[in-house]
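Sequential numbering of the sequence shown, starting at 710, is according to this note's numbering. Glycine is no exception: its CB is placed at the ideal position from the N, C-alpha and C atoms. First the structure, in the form of C-alpha cells, and then the observations on it.
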Amino acid sequence: MKRTYSQIDLDERRKIERWRSMIDARSFGCRTSLRKRLRRSLDRLLAATQK
Numbered sequence: 710m711k712r713t714y715s716q717i718d719l720d721e722r723r724k725i726e727r728w729r730s731m732i733d734a735r736s737f738g739c740r741t742s743l744r745k746r747l748r749r750s751l752d753r754l755l756a757a758t759q760k
C-alpha cells in the first residue's frame, strides 16, 4: 500500500511553530517553578536540622 503525503503551507507551519513555542514556554515555567519549590523545601529542611 503506497502512502501519499501532502506539503504543508506557510500558515500551517506558523501555526505549528506557535504551538511548539507555547509548549516550550509552559514546560520552562514548570521546571522553574519546580526548582523553586525544591529549593525552598531544602532550605526549610536545613534550617530545621540546624536548630
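Exercise for the section: Kindly list the residues whose CB is nearer than 7 angstroms to the CB of R759, restricted to its own chain and excluding five residues on each side of it in sequence; keep chain order. Expected result: Locating residue 759 in the sequence shown gives position 50, counting from the first residue. The sequence shown places Gln at residue 759, rather than the Arg named in the question. For Q759, where only same-chain residues beyond five positions count, there are no Cβ hits under 7 angstroms.
Problem - Distance between S730 and L747 (C-alpha atoms, nearest Å) - result: Position 38 of the sequence shown, counted from the first residue, corresponds to residue 747. Position 21 of the sequence shown, counted from the first residue, corresponds to residue 730. Cα-Cα distance, rounded: 26 angstroms.
Handout entry: Straight-line gap, R749 to D733 (C-alpha atoms, nearest Å)
Key = For the purposes of this step, residue 749 is taken as residue 40 along the sequence shown, with counting starting at 1. For the purposes of this step, residue 733 is taken as residue 24 along the sequence shown, with counting starting at 1. About 24 angstroms.
Practice task
Classify I717 as helix, strand or coil using the three-state DSSP reduction.
Solution key: The residue labelled residue 717 in the question sits at position 8 within the sequence shown. Secondary structure at I717: coil, using DSSP grouped into helix, strand and coil.
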